[in-house]
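All remarks here apply to the structure that follows.
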Amino acid sequence: MEFPMTYSKEDLKTKWEENVKKIKELLDEGKDVAFITIGDPMIYSTYIYILKGIEDYEVETIPGITSYSAAASRLNIPIAEGNETFAVISSGDVTEISKALDMFDNVVLMKISRRYEEIVNLLKEKSFKGYLVIKCGHKEEKISYDLDRYIGKKIDYLSLIITKKVK
Numbered sequence: 001m002e003f004p005m006t007y008s009k010e011d012l013k014t015k016w017e018e019n020v021k022k023i024k025e026l027l028d029e030g031k032d033v034a035f036i037t038i039g040d041p042m043i044y045s046t047y048i049y050i051l052k053g054i055e056d057y058e059v060e061t062i063p064g065i066t067s068y069s070a071a072a073s074r075l076n077i078p079i080a081e082g083n084e085t086f087a088v089i090s091s092g093d094v095t096e097i098s099k100a101l102d103m104f105d106n107v108v109l110m111k112i113s114r115r116y117e118e119i120v121n122l123l124k125e126k127s128f129k130g131y132l133v134i135k136c137g138h139k140e141e142k143i144s145y146d147l148d149r150y151i152g153k154k155i156d157y158l159s160l161i162i163t164k165k166v167k
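Residue numbers (full-length UniProt numbering): 1 to 167.
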């Protein structure tokens, strides 16, 4: 099945509905269907939108390893320790990122590709150290401890930053 990588909500909704229809047809024929996703199916996943369309059917969801947990392991850094707080947020709104940085000791920033340079500048302003992981677990995986290195470059959609407040 095709799931386009686009920010067009209309295009996405149309494709999700087409795919839900195909899945329902298979289920109605008595077939089993599997939906494999990268990371955990219940966090920022296309799976969520498909699941909503098949809620009248018996579904078993098997958790995966979140991309940010995998990235922290690749970096060998804790997401939080002791009494530290942390948040995981989508990076669509820089104002929301700023609020999270004010409230938490550690912030995982998902979907950073569209706002990368703004995010890097905000992290500096708020005294946070950031660690970039691109395509975690893939052959093309890249890890950077220097966020400035990627300013002005196209950042892959499957990228995230783990941030820690500088103490």
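For glycine and all other residues, C-beta sits at the position ideal for the given N, C-alpha and C.
Reduced DSSP category for residue i - H, G, I as helix; E, B as strand; rest coil
| i | result |
| --- | --- |
| Asn-19 | helix |
| Leu-158 | coil |
| Ala-71 | helix |
| Ile-143 | strand |
| Thr-163 | strand |
With 16 other Cβ atoms within 10 Å as the buried cut-off, status of residue i
| i | result |
| --- | --- |
| Met-110 | buried |
| Pro-41 | buried |
| Ser-91 | buried |
Contacts around residue i, its chain only, beta-carbon distance under 8 angstroms, and the 5 residues preceding and following it disregarded
| i | result |
| --- | --- |
| Ala-50 | Before going further, note that residue 50 is Ile rather than Ala in the sequence given. Excluding positions up to five away in sequence, the list reads Trp-16, Asn-19, Val-20, Ile-23 and Phe-35. |
| Ile-151 | Tyr-116, Glu-117 and Val-120 |
| Asp-146 | none |
Extent of the continuous beta strand (DSSP E) run through residue i
| i | result |
| --- | --- |
| Val-133 | 128–134 |
| Val-107 | 106–110 |
Sequence-distant residues of its chain with Cβ nearer than 7 angstroms to residue i (five each side left out)
| i | result |
| --- | --- |
| His-138 | none |
| Glu-84 | Asp-105 and Asn-106 |
| Thr-66 | Gly-39, Asp-40 and Ile-43 |
Host alpha helix (DSSP H) of residue i (start-end)
| i | result |
| --- | --- |
| Asn-83 | Element bounds for Asn-83: n/a, residue is neither H nor E. |
| Asn-121 | 116–125 |
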